[in-house]
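Accompanying notes for the structure given below.
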Amino acid sequence: MGYKIVLQYAFIFISALILFQGNSFAQLSGTKTIPGDYATIEAAINALDTLGVGSGGVTFNVAAGHIETFTSSTSGLITATGTQSNPIIFQKSGAGANPVITAGTGTGSLDGIIVIAGGDYITFDGINISDNPANIDDITRMEWGYALLKKNSTAPIDGCYVVSIKNSTITLNKSNTATWGIYGANHTASSSTGLTLTDTLDVMSYCKFDNNTIDAYNGIRIISSSTTAYFGKGNEIGVIAGNYILAYGNGSTTAYGMNIEYQNNLKIAQNSVNGGGASHTGLLYGIRTGSGTNSNVDIYNNSVTVTQGGTSLIYAIVNSMGSSGVDNRVNIYNNTVENCLYSGSSSNSFWMIYNLASAYNVNIYGNRCRNNVKAAGSGPMHCIYNSPTTASLNTYIYNNKIYNNSSAGPINGIHSTDGTNVYIY
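Numbering-wise, the sequence shown is residues 3 to 427 according to our numbering.
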C-alpha cells in the first residue's frame, strides 16, 4: 500500500509541475507595462514572438518618455500575429513625450526598425522610431522605419492584415537614399525577391497609416502583387488623420513622398507632402499612385509642395492606377498643389495634377493649383492634365481653381485628351 501511495504522490507532483510550466509559458494577454512587466519594447517583442497572443489580446503600455536602443538589426522583427478578438497593441501611456526606439546596427540593404512579418490586428500608437547616429554607412543604416512584409517565401506566404501605424515620428538618415519611413512590399524580411501569391490571406490589406511625421529620403512605399486578384485591398493613408512627409529627397536620386502600386480601394487623404529642395536634382514625385487594373482610388484633401533645383522631371500628384476600367472610378479631388519651384528646368515639363489612368469613371474636381513657379526653360507647366492610355468612358473635370502660377514656358491650365464622354466646367 505504501508503494502505491508514493506513486500516487509522485504522479500528482509531476502533473502539477507540468501544469506550472505550461502556465509559466502561457500566451500573452491583458495589459503589460514597459518598463514594468518588460524592461524594454525589445524584451516585449521577444516574449510576444516566443509565446504568442492569448484570449482578449495584449496591450503594451509604454511609458511616456521611455527610450531604448535595440541591440540588433532584428530586435524589432515581429512574427507573432493577432486576431480581431485578440489584437496586439503597443501604445504610449501617460502624459509627456512619445517613447523613442533607436535602431540597432544594420547588416545590409534590408534593415528595418519595426518589421511586421505577416502579422494581423497589430497597432503601434505614439511610438517614435529613429535610426542610430552611430550607423555611419548604408550597410549599417536602416532602410525602413516601420515595414509590413510577408511572413514566408512559400505557402502560406501570409501578408499583413489590419495593421495600424499612427501618431509616430519616424526619423531615418537621408544619406541613405533607399530609406522609406513606412514600407510595405511583396517580399519577406530576409529577401527582396518578389513572391507569387496564391491566397487572399497573402495580401496586405486594410492597413491604416495616420498622423505620422516622416523624416527620410522617401516617405511611404506600398507595393503589392501585380496579379489583379492579389492587389492590396482597402489600405488607407491619412484618412483618419493626415501624415506629414517633410523635407524628403534633396539629392541626386529619385525621391518620392509616396509611391503606391497594385492596390484596389486605395484612399490617400489629408496628407502634407513637402519635398525636394534647391539641391535636389533627381526625379521628384509628391504623390505617385502606379499600376492597378480596374482599381478604385481616391486621392483627396492632400497638400503638396515640391521643389527641384535641377532639370529632372517633377510631379506633384500623378496617378496611373485604375487603367483598363470596366466599372471602377478614379477620384482626385480637393487637393492643393502650391508654392512649388522648378528652377533649373530646360525643355522638361512640370506636372501638378496628372492622370494617366483609363478608368471607367474619372473625376477630377475641387483642386487648387496656385503660386507655383517654373523659372527656366521652354518646357510647359501643366496644372491639370488628363491623358489616359486609352479612352475613359466618363471624365468629369470641374470646380478646380488655378491661379498665381508663372512659367518661363507655356502654361496649360486644364488639358484632357482621350475620353468617350468628357465634361469640363
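C-beta: ideal position from N, C-alpha, C; glycine also.
In this structure, residue 168 and residue 214 form a Cβ contact; the two beta carbons are roughly 7 Å apart against a cut-off of 8 Å. By the CB criterion at 8 Å, residue 309 and residue 343 fall inside the cutoff.
Secondary structure in the segment 283-325: the beta strand (DSSP E) runs of 3 residues or longer, each lying completely within the stretch, are 286-291, 299-302, 305-310, 316-321 in chain order. In this structure, the beta-carbon distance from residue 279 to residue 311 falls below 8 Å. Residue 116 sits away from residue 144, with the two beta carbons spaced by 8 Å or more. In the three-state DSSP reduction, residue 395 falls in the coil class, being neither helix nor strand. Beta bridge pairing from DSSP links residue 371 with 339, 404. For residue 106, the CB contacts under 6 Å within the same chain, skipping 5 residues up- and downstream, are 72, 73, 74, 75, 77 in chain order. Three or more Cβ pairs closer than 8 Å define a contact, and the segment 160-174 meets that threshold against the segment 126-133. Here residue 402 is near residue 367, since their CB atoms are less than 8 Å apart. According to the DSSP secondary-structure assignment, residue 32 is paired through a beta bridge with 60. A straight line joining the alpha-carbon of residue 101 with that of residue 130 spans about 6 Å.
In the three-state scheme derived from DSSP, where H, G and I count as helix and E and B as strand, residue 45 is classed as helix. Per DSSP, residue 189 has no beta-bridge partner at all. Residue 167 is bridged by DSSP to 126, 211. In the displayed model, residue 204 falls within a helix according to three-state DSSP. If you look at residue 93, you'll find it in the beta strand (DSSP E) that goes 90-95. Beta-carbon to beta-carbon, residue 277 and residue 285 are separated by about 12 Å, too far to satisfy the 8 Å threshold. Exposure of residue 202 is indicated by the presence of fewer than 16 other C-beta atoms within 10 angstroms of its C-beta. Residue state for residue 231 is assigned as helix, using DSSP reduced to three classes. Between the segment 290-302 and the segment 261-272 there are three or more inter-stretch CB-CB distances shorter than 8 Å, so the stretches are counted as touching.
In this structure, the CA atom of residue 377 is about 15 Å from the CA atom of residue 414. The Cβ-Cβ distance between residue 351 and residue 322 does not fall below 8 Å.
Proximity to residue 108 across 191, 155, 63 peaks at 191, based on C-alpha coordinates. In this structure, residue 274 keeps its C-beta atom at 8 Å or more from the C-beta atom of residue 250. As the crow flies, the alpha-carbon of residue 178 is around 10 Å from that of residue 146. Residue 218 is a Cβ neighbour of residue 181, given a cutoff of 8 Å. Rounded to the nearest whole angstrom, the CA to CA distance from residue 83 to residue 259 is 29 Å. As computed with DSSP, residue 260 is found in a beta bridge with 222, 289. Assigned with DSSP and collapsed to three states, residue 51 falls in helix. Sixteen is the threshold: when 16 or more other Cβ atoms of the shown chains lie within 10 Å of the Cβ of residue 64, as they do, the residue is buried. Non-local beta-carbon contacts of residue 230 in its own chain, meaning distances under 6 Å to residues more than five positions away in sequence, involve 295 in chain order. Distance from the CA of residue 290 to the CA of residue 320, rounded to the nearest whole angstrom, comes to 5 Å. It is roughly 12 Å from the alpha-carbon of residue 263 to the alpha-carbon of residue 185.
Short of 6 Å from the beta carbon of residue 91, and not among the five residues preceding or following it, lie these beta carbons of its own chain, in chain order: 61, 125.
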